Amino acid sequence: MAATSSRPHGDRLSALPDATLARVLSHLPTGEAVRSSVLSRRWRSVHTTVPVVSLADSKRGGMGRIYSQPVCFEHQVTSALICRDPAAPIRALRVDVLHPTWPLLDQWIVIALKSGAEEVDVAVRYHNSYSRHRLCPSAPLEDASADFDYQRIGRFVTTPRHIFRSVALRRLRLANWTLDLPSGDAPAFVSLETLALKKIMAPRGALQRLLSGCQRLTDLTLEQCPTATEITVASAHLQSLTMVCCHKATRVVLDTLCLRRLRYRGSLPPDTLFSIANHASIAAVTVDICEDIGGKTPSEVGTIAKLISQCTNLTFLHLSLRPEMASCGYVFTDVLRGLTRLRQLELKGCLLDDYSVASAVALLQSTNNLEALSLFHVPPDPPNKMAYYYDSDSDSDRYPPKDDKDSGDGGNIFVPKSLWRTNVMCLKYKVKRIRLVGYRGHRFEGILAKFLLSKAQVLDEISVSMATTGRKDEMAKELASWRCNGRTRVTCA
1 MAATSSRPHG DRLSALPDAT LARVLSHLPT GEAVRSSVLS RRWRSVHTTV
51 PVVSLADSKR GGMGRIYSQP VCFEHQVTSA LICRDPAAPI RALRVDVLHP
101 TWPLLDQWIV IALKSGAEEV DVAVRYHNSY SRHRLCPSAP LEDASADFDY
151 QRIGRFVTTP RHIFRSVALR RLRLANWTLD LPSGDAPAFV SLETLALKKI
201 MAPRGALQRL LSGCQRLTDL TLEQCPTATE ITVASAHLQS LTMVCCHKAT
251 RVVLDTLCLR RLRYRGSLPP DTLFSIANHA SIAAVTVDIC EDIGGKTPSE
301 VGTIAKLISQ CTNLTFLHLS LRPEMASCGY VFTDVLRGLT RLRQLELKGC
351 LLDDYSVASA VALLQSTNNL EALSLFHVPP DPPNKMAYYY DSDSDSDRYP
401 PKDDKDSGDG GNIFVPKSLW RTNVMCLKYK VKRIRLVGYR GHRFEGILAK
451 FLLSKAQVLD EISVSMATTG RKDEMAKELA SWRCNGRTRV TCA
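Under full-length UniProt numbering, the residue at position 265 of the sequence shown is numbered 265, and the numbers go up by one with no gaps.
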């Protein structure tokens, strides 16, 4: 007779302790966490103990569209903060809101801070489209600028001063605010480790005062902050710096000896922009030049090449250039040759002709120890350069590609003989993974992909993210037919 199973039958997830369930729900947006209350009696009040309040307003301003909501967004946030278990602290407040009632916005932050919040992430949007325009002189707008319109200075809501008195706050992210610091000495953030500021209006010297009070800062992000001109980050703990479209910056001094990651997006910087105490500690660099460097001289492009060359222990490099993927590639070949520890390389840009492909391959010839290669294909600039230019999380200033007929030519992709004879040592002995993002199978994209697959003898996998829908199976078969290593896995998504 078979033994009777003693395994209990029931909901194993519901059997977990309340604290564990609250932690599980904290990874969901607050609205979804609240919906769990209808599952059963066991779940009815669990959401009131979740330590994270995370809500995003689905309304969009400036385009004449206001989506109806069953409950007012401001009421949702207020209820999530007030209708909680009094014994359950708020550890994180994350809100993305369209033109809220300003006193109510202050109250949300005060409630979170008084509860001991370690993270405050508040992005404010406005009914006009101005808060979504990128502050970049290279943007395809007739009035593109690196600074705020003088008529709008001070129009953003001011930061509550309670933020700068918090001793528990560890992560602070603000977007579209006017910085309003308490008078007197610099605010002392004794615990703040992560600071991210995006489109911050600030009086002269206010940003530097704020940074001077962040002595434990490990991660700093400044995005589209025109007042970030001459700044010094004195924190000895800083490990990561990101500067995105801070085009008015002239001097950035980093006193830390343990910087690990540096990301820069902007115009070609002056040679004196960065003063870094220890280049040798940097392991990852991302460079995204948002201006066209096609007509620049080697000395002008050499400023960014020099910055990269000083980071002699790099293991990761992302290089995004315009107008082509490897524009002025000859400036970077010697630099890459000196980065003997480089294992991951990412190239982003357009492939416009055979020369673009050859320039990209020339960069690979200088990376003998490369193990992972990623290519981010972007379409050329649209013909109408004066179209709306809005901010986006992807940091892309190109229009999304449309499905079109100018895609893969099947077996007709032909690699020029001059390119075919090129010997790339890393492809022969080292490269294990290749990733193609935004791949459409256009002629020059196909030529480069075919060259890589035909030369990559030890490649384990090539993963392809298609830019357009359809033809995935056909593309996968085409790529598989180009492999020199039959064991290479080909995946298309």
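Glycine is no exception: its CB is placed at the ideal position from the N, C-alpha and C atoms.
What you are looking at is a predicted structure, and each value in this text was computed from that prediction instead of being measured.
Quick check on Gln224: does DSSP put it in helix, strand or coil?
Looking up residue 224 in the sequence shown gives position 224. Coil, per DSSP.
With respect to the beta strand (DSSP E) encompassing Tyr439, which residues constitute its N-terminal and C-terminal limits?
Residue numbering aside, residue 439 sits at position 439 when the sequence shown is read from its first letter. Taken as a continuous stretch (DSSP letters only), the beta strand (DSSP E) holding Tyr439 covers 433 to 439.
Within its chain, find whatever has a CB closer than 7 Å to the CB of Arg12; leave out the 5 residues flanking it on each side and keep chain order.
Here residue 12 corresponds to residue number 12 of the sequence shown, with the count starting at 1. Result list for Arg12: empty, nothing under 7 Å.
Rounded to a whole number of angstroms, what is the C-alpha to C-alpha distance between Trp177 and Ile289?
Reading the sequence shown from its first residue, position 177 is the one you call residue 177. Reading the sequence shown from its first residue, position 289 is the one you call residue 289. Approximately 26 Å between the Cα atoms of the pair.
Could you tell me the distance, in whole angstroms, from the CA atom of Ala19 to the CA atom of Val244?
Here the question's residue 19 lines up with position 19 in the sequence shown. Here the question's residue 244 lines up with position 244 in the sequence shown. Rounded to whole angstroms, Ala19 to Val244 spans 39 Å at the Cα level.
In angstroms with no decimal places, state the Cα-to-Cα distance between Ser356 and Glu371.
As a first step, residue 356 must be located in the sequence shown, where it is residue number 356. As a first step, residue 371 must be located in the sequence shown, where it is residue number 371. Whole-angstrom Cα-Cα distance: 22 Å.
How many angstroms separate the CA atom of Gln224 from the CA atom of Val157?
Numbered from its first residue, the sequence shown carries residue 224 at position 224. Numbered from its first residue, the sequence shown carries residue 157 at position 157. Roughly 17 Å separates the two Cα atoms.
Report the three-state DSSP secondary structure of Arg337 (helix, strand or coil).
Here residue 337 is taken as the residue at index 337 of the sequence shown, counted from 1. Arg337 falls in the helix class under three-state DSSP.
Could you check whether the segment 108 to 127 touches the segment 144 to 153, counting it as contact only if at least three pairs of C-beta atoms, one from each stretch, sit closer than 8 Å?
They do not touch, by the three-pair rule.
Can you say whether His75 is buried or exposed, counting buried as having 16 or more other CB atoms within 10 angstroms of its CB?
What you label residue 75 is simply residue 75 of the sequence shown in a count that begins at 1. With fewer than 16 other Cβ atoms within 10 Å, it is exposed.
With a threshold of 16 other CB atoms inside 10 Å of the CB of Ala15, please say whether the residue is buried or exposed.
The count along the sequence shown starts at 1 and reaches residue 15 at position 15. Exposed, by the Cβ-count rule.
What do you reckon, are the CB atoms on Ala92 and Val53 nearer than 9 Å?
The sequence position of residue 92 within the sequence shown is 92, counting from 1. The sequence position of residue 53 within the sequence shown is 53, counting from 1. In this structure, Val53 lies closer than 9 Å to Ala92 by Cβ.
Is it right to say Lys417 is buried, meaning 16 or more other beta carbons lie within 10 angstroms of its own, or is it exposed?
Here residue 417 refers to the residue found at position 417 when the sequence shown is read from its first residue. Burial call: exposed.
Under a three-way DSSP split, which group does residue 550 fall into?
The first residue shown for the chain is 1 and the last is 493, placing residue 550 beyond what the model contains.
As a quick exercise: from Leu172, Ala476, Leu273, pick the residue whose alpha carbon is nearest that of Thr232.
Within the sequence shown, residue 232 is the residue found at index 232, counting from 1. The shortest C-alpha separation from Thr232 is found at Leu273.
Per DSSP, Glu230 is paired with what?
Here residue 230 refers to the residue found at position 230 of the sequence shown. DSSP output for Glu230 lists Arg251 as bridge partner(s).
Between the alpha carbons of Pro380 and Thr315, how many angstroms are there, rounded?
Mapped onto the sequence shown, residue 380 falls at position 380. Mapped onto the sequence shown, residue 315 falls at position 315. Rounded to whole angstroms, Pro380 to Thr315 spans 30 Å at the Cα level.
Do Ala206 and Leu174 have their C-beta atoms within less than 9 Å of each other?
In the sequence shown, residue 206 corresponds to position 206, counting from 1. In the sequence shown, residue 174 corresponds to position 174, counting from 1. Result no, Cβ atoms of Ala206 and Leu174 do not sit closer than 9 Å.
Could you check the C-alpha separation between Val431 and Lys296 for me, to the nearest Å?
One-based indexing of the sequence shown puts residue 431 at position 431. One-based indexing of the sequence shown puts residue 296 at position 296. Near 32 Å, if we compare the C-alpha coordinates of Lys296 and Val431.
Label Ser481 either buried or exposed according to how many other C-beta atoms from any shown protein chain fall within 10 Å of its C-beta, with 16 as the threshold for buried.
Here the question's residue 481 lines up with position 481 in the sequence shown. Exposed: under 16 other Cβ atoms inside 10 Å.
Going by C-alpha distance, which of Pro140, Leu181, Pro29, Asn313 is nearest Gly213?
Looking up residue 213 in the sequence shown gives position 213. Closest option to Gly213, Cα to Cα, is Leu181.
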